[in-house]
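> Before anything else, here's the structure in question.
In UniProt numbering, the protein residues as written are 1 to 800.
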C-alpha cells in the first residue's frame, strides 16, 4: 500500500493550501514500470483520514473508464522499437481470408473432434416423445437425469433393446477403446435409436455431450457411428479466486459450460497472497481475516485493500466459500463429470494465511499455527512487493497447519460423498533470504553448502508425507520439485528431486508453466522421465488471463507474453514440446535458431516415459478480472480451442519436427493443414458454439473484423476499389461506416467500392511516421511518411 501524508513542515510553499469543494489538485507520480493497457490501472482510488475513507467517484468503474486512451507508440509499447508484439493490429493485419466451412457442412461435426466418426445417409428426429433407458444401470441414474433435463418432455424408462425412439445408455468395456472416458455412439433409423455405450460413467457423459452438440441446430440429426476417447485424462482449468473472488453461482455457471466441451478438472485457487477463500472451521481467522480486504493498515480485521478492492470490505476483493457453498460446488461438478481440485499455496505467495494466523495467535495466545518466524529479519521483497509472504518451512507449526487444513477439506468432501483425490499446494519458489535467515532452519542444521536446496528438499518431502498420510495425492508447480536454483553440481534447471524420496503410494502431478528458453521448455520431459505425472500448463500459450490481442483497450495481462490469441492456443503442441519455443520477443529476445518454434534435436530431451504426461491445464489469474462478464470474456472462445487440443490429436501436429542436422534448414511444418483445420474449428465456433454459450448467458470476446482493399478493373476498364472484410468466426456480420452521410442506412456493407484503405505500413515505417526514430541510412521512406496529417481526400473507414 502506498499513501500520501499531510505536510507538517515549515516550508510556506506547501502551507495554507486548503482543498475546498470544487477545487482541483493535480497529483503526479512516476511509476517504475510501463502501463501499456487501460487495465494496468486499478479502480477504486480512495482517500482516508484514518477513521473515514471515501472512493474518488470517477474511479469506481471496473472497466477503468477514467483512464485516458492509449493512442501513441510511447503509450502502448513496452520499448521502442523492440516491442513489435505491442503494436495494436489494424483492420488490414486482422484480415486472414480464411475459407470457412459453411453451415450445412458443420451441422454433423462435433467439437472437440471425435477420434472416429462415420456419417450415414438417413436422418432421425429427436423430440419430447422419445424415452431414455439406462438399461438397469443404477450408476447411470444421475447422467440419465442430466440428459432428461436437457431434452424436455422425455421420460426415463426401462425398455426392450429393439424399442423405437429411445436414447439407450449403457456402461460396458469397449474393445475398440480401453480409455476410461471413451465411448461409442450409434445413431440408427428404423428403429430410431441413439445408443451411447461408455467405458465408465464419465464415458457415457462424454457421449451425451456429443449428442448435445449434434442437437444444437434442432432435433433432426443424421445416422452415424462414433468411436471416441480423449487424448489426455486431465483436461482442466485453474480458476484463481484468491486475487479476486467469484461467488458460487459463477463457479457453477463455469462448470456448466466446461462440461459442454468435455473438460473434466477445475482447480480452484483458494489461497494466495491476496486472499483465503474457504472457511476452515477449526481456524476461523483464515476466512474472516484472510478472506476480506479493506482499509486496515494494521491488518487486524482484514488484509489491506489492493488490486482495486473496496476499502469498506465489499466487492470482489472480499468473500469466501462456506462449507455448504463448497459442497454445493462439489456436487454440481460431480453431476458434470468434473473433479474439483482445491489449491492452497503452502510455500511462497501465502501471505493471506500468514496474516490470518497471526490474528489467530493473538486471539488464542498460542503459537500452534504460526507460519512466520517472528525472529527472522525481513530482508527480501517479492515481485508483488511483499516482505512477509513466505511460509517458514522449518517450523513444526507449519506442518501442523497443513495437516489441519487438509483434514478439514477432506472432511468436507467425505460429507458430500465425493472423495478428495488431490490437493494442489502451489509451490512458487520463495526468496532464498526468507528461509536462510530463519532461526528454525538454522536450528535444524540447514547450513553449510547450499542450505536453501537442503531446506527445499526437506520441505517437499514432509509435505508429501502429510498428503500420503491423509490418503490424498499431491500436485504443484514445477519449481517446488526441481533442484534449482542451486550451487550443487548434482542439481540444475532440468534436475527434479528423486521421486523415490516420496511415499510410494503417493501420486505427484507437476504443472509445468515456464517456457521462456530452450532449457525450461523441456522440464515437462525431465519430470515425466523421472516418474512424475505431468500436466502441461505452458504460460505463454495457456494463460487466459492474458490479453487476446495487443489492444490497450482490451482487458488482460501480459506477464508471460504480450497476448495469446485463439490461433496460438490452437497451435500448441503437447507431444512435440521442443517446437513450442515462441516466447515474447521483447522480454526474452528473438529465437533465430528456432523457426516455427522448433529447436535442434541435440538440445531436445528424449521422452522416455511419455505416458506420464497425463494432461493439459489452462489458467486464469484474476488480478485484473473484476466481474463475471470480464471473466467469461477472457475465457471464451479460447477455452473451447483449448478443449479441442486437449481432447483431439490433430494429424498436422506430427509435421512439426526438430532439426537433426545443424547444417540444414529446419523442417517446414504443414502450415496449410494447420490453417485449414483452424478454419474448420473456427467455423464450428462461429456457427454453433457462440450460440450455445449465449444460452448460458456467456458473452465471449469477439475480435473486430479485418479489412483489405482490393483493386480491379470492371467491364468498362474502370479501376474499382473493393473493401473486402472478414471476421474471426463465421456467422458474424461485419459492418462498415464511411462516406458523407455517416448515418445513412445504406452506408453499412460487407463490400464497399468507393473507398481506399491506406497502404499498410511495416513497423519501421510506422515508427518513422510517428517521429520516434530517424530513417536508417539506405531505407527509402515513401512520400508523405513522417507527417502527422496524412491526406484527407479519402473519407475515413471504420470497421465496427
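Each residue gets a CB set at the ideal place from its N, CA and C atoms; glycine is no exception. Since the model is a prediction, treat every value here as computed from it, not as a measurement.
If I follow the unbroken alpha helix (DSSP H) through residue 326, where does it start and stop?
Start and end: 323-335.
> Expressed to the nearest angstrom, what Euclidean distance is found between the alpha-carbon atoms of residue 635 and residue 644?
Spanning the two alpha carbons is a distance of roughly 14 Å.
> Confirm, please, whether the CB-CB distance from residue 266 to residue 338 is below 7 Å.
Yes. Within cutoff.
> Looking at the structure shown, is residue 39 part of a helix, part of a strand, or coil, going by DSSP?
Correct three-state label for residue 39: helix.
> If you draw a straight line from the alpha carbon of residue 68 to that of residue 704, how long is it in whole angstroms?
Their backbone Cα atoms lie some 21 Å apart in a straight line.
> Tell me which residues share the same chain as residue 578 and place their Cβ nearer than 6 Å to its Cβ, disregarding the 5 neighbours each side in the sequence.
Result list for residue 578: 599, 604, 658, in chain order.
> Taking only runs that begin and end inside the segment 629-667, name each unbroken beta strand (DSSP E) of 3 or more residues, in chain order.
The qualifying runs do not exist here; there are none.
> Taking 7 Å as the threshold (C-beta atoms), are residue 333 and residue 285 in contact?
No, these two residues do not count as a Cβ contact at 7 Å.
> Ordered along the chain, which non-local residues of its own chain (more than five positions away) have a Cβ less than 8 Å from that of residue 137?
Same-chain partners within the cutoff: 169, 170, 171.
> Under 8 Å by Cβ, that's how I've got residue 281 and residue 242 pegged, so tell me the actual separation to the nearest angstrom.
Going by Cβ atoms, the distance from residue 281 to residue 242 rounds to 20 Å, so no, they are not a contact pair.
> How about residue 802 and residue 683: are their beta carbons less than 7 Å apart?
Nothing in the structure corresponds to residue 802, since the chain is present only between 1 and 800.
> Under 8 Å, with one C-beta from each stretch per pair, do the segment 382-395 and the segment 428-438 reach the 3-pair mark?
Segments in contact, yes.
> For residue 799, collect the residues of the same chain with a Cβ closer than 7 Å to its Cβ; drop the 5 residues on either side in sequence, then sort them by chain order.
Residue placement at residue 799 cannot be trusted, given a pLDDT of 33 that sits under 50; what the coordinates show is reported in the next sentence. Here the set comprises 91, 704, 705, 707, 725, 734, 736.
> For a quick check, are the C-beta atoms of residue 210 and residue 180 less than 7 Å apart?
No.
> To the nearest whole angstrom, what separates the beta carbons of residue 515 and residue 557, a pair I think is in contact under 8 Å?
Actually they are not in contact, since the Cβ atoms of residue 515 and residue 557 sit about 16 Å apart, beyond 8 Å.
> Residues in its own chain within less than 6 Å of residue 472 by CB, not counting five upstream and five downstream?
Closer than 6 Å at the Cβ level, and outside the excluded window around residue 472, lie 420, 423.
> Leaving out five residues on either side along the sequence, give the residues of the same chain with a beta carbon under 7 Å from the beta carbon of residue 450.
Hits under 7 Å: 486, 487, 488.
> Would residue 460 pass as a contact of residue 480 if the rule is Cβ separation under 7 Å?
In this structure, residue 480 lies closer than 7 Å to residue 460 by Cβ.
> Going by the CB atoms, is the gap between residue 574 and residue 527 shorter than 7 Å?
The answer is no: Cβ separation not under 7 Å.
> Contact between the segment 408-419 and the segment 498-508 is defined here as three or more beta-carbon pairs at a separation below 8 Å; is this criterion met?
No, they do not touch.
> Taking the beta strand (DSSP E) that residue 708 belongs to, which residues open and close that run?
Where residue 708 is concerned, the enclosing beta strand (DSSP E) stretches over 706-713.
> Restricting to runs no shorter than 3 residues, where is the beta strand (DSSP E) found entirely within the segment 345-394?
Entirely contained in the segment 345-394, not one beta strand (DSSP E) run reaches 3 residues.
> Which term fits residue 101, buried or exposed, when burial requires 16 or more other beta carbons within 10 angstroms of its beta carbon?
So residue 101 ends up on the buried side.
> In chain order, what residues of the same chain have a beta carbon less than 7 Å from the beta carbon of residue 801, not counting five sequence neighbours either side?
The first residue shown for the chain is 1 and the last is 800, placing residue 801 beyond what the model contains.
> For residue 570 versus residue 547, is the C-beta distance shorter than 7 Å?
No, these two residues do not count as a Cβ contact at 7 Å.
> Take the Cβ of residue 592 as the centre, count every other Cβ of all protein chains shown within 10 Å, and call the residue buried at 16 or more, exposed below.
With fewer than 16 Cβ atoms within 10 Å of its Cβ, residue 592 is classed as exposed.
> What does DSSP give as the partner residue(s) for residue 696 in the beta ladder?
None; residue 696 has no bridge partner.
> Rounded to the nearest angstrom, what separates residue 758 and residue 721 at their Cα positions?
A caution first: residue 758 carries a pLDDT of 48, below 50, which makes its placement in the model unreliable, though a value can still be read off. Rounded to whole angstroms, residue 758 to residue 721 spans 12 Å at the Cα level.
> Note the first and the last residue of the continuous alpha helix (DSSP H) segment covering residue 148.
Residues 141-150.
> Run through DSSP, which three-state label would residue 566 get?
Note: residue 566 maps to helix in three-state DSSP.
> May I have the straight-line CA-CA distance separating residue 795 from residue 229, to the nearest angstrom?
Low confidence applies here, because residue 795 scores a pLDDT of 33, under 50, leaving its location unreliable; read the following figure in that light. Rounded to whole angstroms, residue 795 to residue 229 spans 55 Å at the Cα level.
> So, is residue 62 buried or exposed, given that buried needs 16 or more other C-beta atoms within 10 angstroms?
Counting Cβ neighbours within 10 Å, residue 62 comes out buried, since at least 16 surround it.
> Using DSSP's beta-bridge definition, name the partner residues of residue 618.
In the DSSP output, where bridge partners are listed per residue, residue 618 has 237.
> Comparing C-alpha positions only, which one of 392, 328, 366 sits nearest to residue 348?
Of the candidates 392, 328, 366, the one whose C-alpha sits nearest the C-alpha of residue 348 is 392.
> Measure the C-alpha to C-alpha separation of residue 80 and residue 303 and round it to an integer number of angstroms.
Rounded to the nearest angstrom, the two C-alpha atoms are 38 Å apart.
> State the Cα-Cα distance for the pair residue 133 and residue 143, rounded to the nearest angstrom.
The alpha-carbon atoms of residue 133 and residue 143 are separated by roughly 11 Å.
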